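Here's the structure we're looking at; comments come further down.
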Amino acid sequence: MDEKVEPFYDEVIHRNPGELEFHQAAREVLTSIGPVLAKHPDFAEHKIIQRICEPERQIIFRVPWQDDRGEVHIQRGFRVEFNSALGPYKGGLRFHPSVNLGIVKFLGFEQIFKNALTELPIGGGKGGSDFNPRGRSDDEIMRFCQSFMTELYRHIGEYTDVPAGDIGVGQREIGYLFGQYKRITNRYESGVLTGKGIVWGGALVRTEATGYGTAFFVDEMLKVRDDSLDGRTVVVSGSGNVAIYAIEKVHQLGGRVVGCSDSDGYVHDPKGIDLELLKEVKEVQRGRIRDYAERRPNATYVRGGNIWDIPCQVAMPCATQNELTGRDAATLVGNGVVAVAEGANMPTTPEGVEVFLDAGVAFGPGKAANAGGVATSALEMQQNASRDRWTFRRTEQRLAEIMADIHELCFATAEEYGMPGNYVAGSNIAGFQRVAGAMVSLGLI
Ligand code: NAP
Numbered sequence: 000m001d002e003k004v005e006p007f008y009d010e011v012i013h014r015n016p017g018e019l020e021f022h023q024a025a026r027e028v029l030t031s032i033g034p035v036l037a038k039h040p041d042f043a044e045h046k047i048i049q050r051i052c053e054p055e056r057q058i059i060f061r062v063p064w065q066d067d068r069g070e071v072h073i074q075r076g077f078r079v080e081f082n083s084a085l086g087p088y089k090g091g092l093r094f095h096p097s098v099n100l101g102i103v104k105f106l107g108f109e110q111i112f113k114n115a116l117t118e119l120p121i122g123g124g125k126g127g128s129d130f131n132p133r134g135r136s137d138d139e140i141m142r143f144c145q146s147f148m149t150e151l152y153r154h155i156g157e158y159t160d161v162p163a164g165d166i167g168v169g170q171r172e173i174g175y176l177f178g179q180y181k182r183i184t185n186r187y188e189s190g191v192l193t194g195k196g197i198v199w200g201g202a203l204v205r206t207e208a209t210g211y212g213t214a215f216f217v218d219e220m221l222k223v224r225d226d227s228l229d230g231r232t233v234v235v236s237g238s239g240n241v242a243i244y245a246i247e248k249v250h251q252l253g254g255r256v257v258g259c260s261d262s263d264g265y266v267h268d269p270k271g272i273d274l275e276l277l278k279e280v281k282e283v284q285r286g287r288i289r290d291y292a293e294r295r296p297n298a299t300y301v302r303g304g305n306i307w308d309i310p311c312q313v314a315m316p317c318a319t320q321n322e323l324t325g326r327d328a329a330t331l332v333g334n335g336v337v338a339v340a341e342g343a344n345m346p347t348t349p350e351g352v353e354v355f356l357d358a359g360v361a362f363g364p365g366k367a368a369n370a371g372g373v374a375t376s377a378l379e380m381q382q383n384a385s386r387d388r389w390t391f392r393r394t395e396q397r398l399a400e401i402m403a404d405i406h407e408l409c410f411a412t413a414e415e416y417g418m419p420g421n422y423v424a425g426s427n428i429a430g431f432q433r434v435a436g437a438m439v440s441l442g443l444i
């Protein structure tokens, strides 16, 4: 890290004790931006780094709810409104027992730069709760979502803050959240949440967008190297929203996904994942990945194993943060991996990133590679604002263009700063420059 930037990082640690994931996300960005300060001394003068590392607003609230047996539970809700220099705060809600303020801040911080890379008018924010939806009935999920929104509604709005889904929050949860928002406010304000159902204001392709976008991004990285996904063996971790649609698009682009996972274990399916079966198990029955293996004779299930042991040429971590370590990266490199794209947020540890960069692997960091989801959310807001509805084809084409543009922006920025092929530096610098420039224009606020 540049010595001029280091004190700002020390300040982040000092001001946010114990928030390890936030420290990690801040470090990753700050490590890249020394050269930007040399080029733009006004950013230092306006204390942009210190301001960008401090959320504009952090909201923490109590969420009481009752389970089906009548027992009362108390959860904690969060919304961190990080930066609105480019537009209303935009970023998902995560429902998972691991959620705490540090996790929400790391995700919100990443979101600022990711959203800037889309070149759409959206700021950065993130939220969620330590609620665990696993094993809960639809009624319990609904009661929790209603209680959560009963506090959150006063902080959000189509011009203020527009949440969406993330881990544990899909279309079902967005439905219950939107229903409660509408009931409390008496406004059919479609643009207040994205990831809605198609018949009540959602955009086509939003469900598929993050996974599809990540696959488009890999293909762009490979194109630069006169290569493509066609015929490549691919491993995708996770089996949730991002993973399922990453697998779908990889298959459409000619690749073969031979492994996917959940938090209990992974499946290895050398003939290629049967996507219809996976969707049936995960989206319809809400089952586990071992249920897939039980119904697929060629597949093996490895309980508690490490999915990165499966040999592949392309790896797409699409589950959660820090799921791919330095050791896993070394295994992948040893097995001949040529490209890695992060569908999840910060899934690769700093040691893992270093291994990939040193080995010359095309490495697409999450803030660039998984930006297709939030970009399509912005397209959903656009359709809501104009009371319009685009076709699947038009929306997917727009998504593919956006991903190609993000790739080009990161690639060109890395070249401009003398780090050709380094998408980590390219994405951090390009995202930071956009937000910093807007912050200077808006004055000291
Ligand atoms: P999801 O539908 O809830 O799926 C998450 C998947 O990851 C599940 O298969 C889950 O398995 C697995 N997982 C979660 N924690 C894990 C752990 N500790 N170890 C191993 N596997 C774990 O969530 P999602 O929307 O696909 O999100 C996945 C990642 O993409 C997250 O990092 C999210 O922030 C990022 N992302 C999502 C979007 C979006 O549009 N949804 C956009 C950008 C980035 P279990 O069922 O066992 O928990």
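The numbers in numbering that gives the first Met the number 0 rise by one with no breaks, and the one at position 316 of the sequence shown is 315. Glycine residues also receive a C-beta, built at the ideal position from the N, C-alpha and C atoms. This structure is a prediction, so every number in the text was calculated from the model and none was measured.
9 Å Cβ cutoff met for residue i and residue j
i, j, result
"F105", "F21", "yes"
"V257", "C311", "yes"
"V434", "L29", "no"
"F410", "V223", "yes"
"E322", "P346", "yes"
"N114", "A370", "yes"
"F94", "F143", "yes"
"T159", "I173", "no"
"T184", "Y211", "no"
"A163", "G91", "yes"
"F147", "V249", "no"
"T455", "H267", "Because the chain in this structure spans residues 0 to 444, residue 455 falls outside the shown range and cannot be described."
"Q320", "A340", "no"
"E157", "D66", "no"
"G178", "P132", "no"
"M141", "Y175", "yes"
"Y88", "V161", "yes"
"K281", "I243", "yes"
Rounded straight-line distance, which links the Cα of residue j to that of residue i
i, j, result
"K38", "E2", "15 Å"
"S262", "G237", "8 Å"
"C259", "V360", "21 Å"
"D357", "E118", "30 Å"
"P364", "T324", "14 Å"
"P16", "E379", "37 Å"
"D41", "G436", "9 Å"
"Q57", "A424", "28 Å"
"A367", "R302", "32 Å"
"A24", "A314", "21 Å"
"I12", "S189", "38 Å"
"I47", "M438", "7 Å"
"I309", "T206", "28 Å"
"V191", "A329", "43 Å"
"K195", "E44", "42 Å"
"N421", "S97", "31 Å"
"L203", "R393", "9 Å"
"F130", "R75", "8 Å"
"D137", "R285", "12 Å"
"I32", "R171", "40 Å"
Beta carbon proximity, residue i to chain B, threshold 9 Å
i, result
"F355", "Of the protein chains in the structure, only one exists, and it is not chain B."
Residue(s) in a DSSP beta bridge with residue i
i, result
"P63", "I73"
"Y88", "D160"
"Y300", "V266"
"C259", "V266"
"F362", "V339"
"M315", "V235"
"Q179", "The partner list for Q179 (beta bridge, DSSP) is empty, contrary to what the question assumes."
"E275", "BP columns for E275 are empty, so no partner."
"Q57", "V79"
"D165", "V168"
Local conformation of residue i per DSSP, three classes
i, result
"L203", "coil"
"F349", "For the sequence presented, residue 349 should be read as Pro rather than Phe. P349 falls in the helix class under three-state DSSP."
"C144", "helix"
"V249", "helix"
"F7", "helix"
"V474", "The chain is shown from 0 up to 444; residue 474 falls before or after that span and cannot be answered."
"G127", "strand"
"I48", "helix"
"R93", "strand"
"L398", "helix"
"L323", "strand"
"L119", "coil"
"A367", "helix"
"D41", "helix"
"T31", "Here residue 31 is Ser; the residue named in the question, Thr, does not match the sequence. If DSSP states are grouped into helix, strand and coil, S31 belongs with the helices."
"N185", "coil"
"D226", "coil"
Residue i: CB within 8 Å of a non-hydrogen atom of the ligand GDP
i, result
"Q23", "This structure simply doesn't include the ligand GDP; it includes the ligand NAP instead."
Point to revise | At least 3 beta-carbon pairs within less than 8 Å: the segment 366-383 vs the segment 395-405 | key: Taking a cut-off of 8 Å for Cβ pairs, the segment 366-383 and the segment 395-405 touch, as three or more such pairs fall below it.
**Study point:** Segment contact, 8 Å Cβ cut-off, at least three pairs: the segment 62-80 with the segment 121-134
**Key:** They touch, by the three-pair rule.
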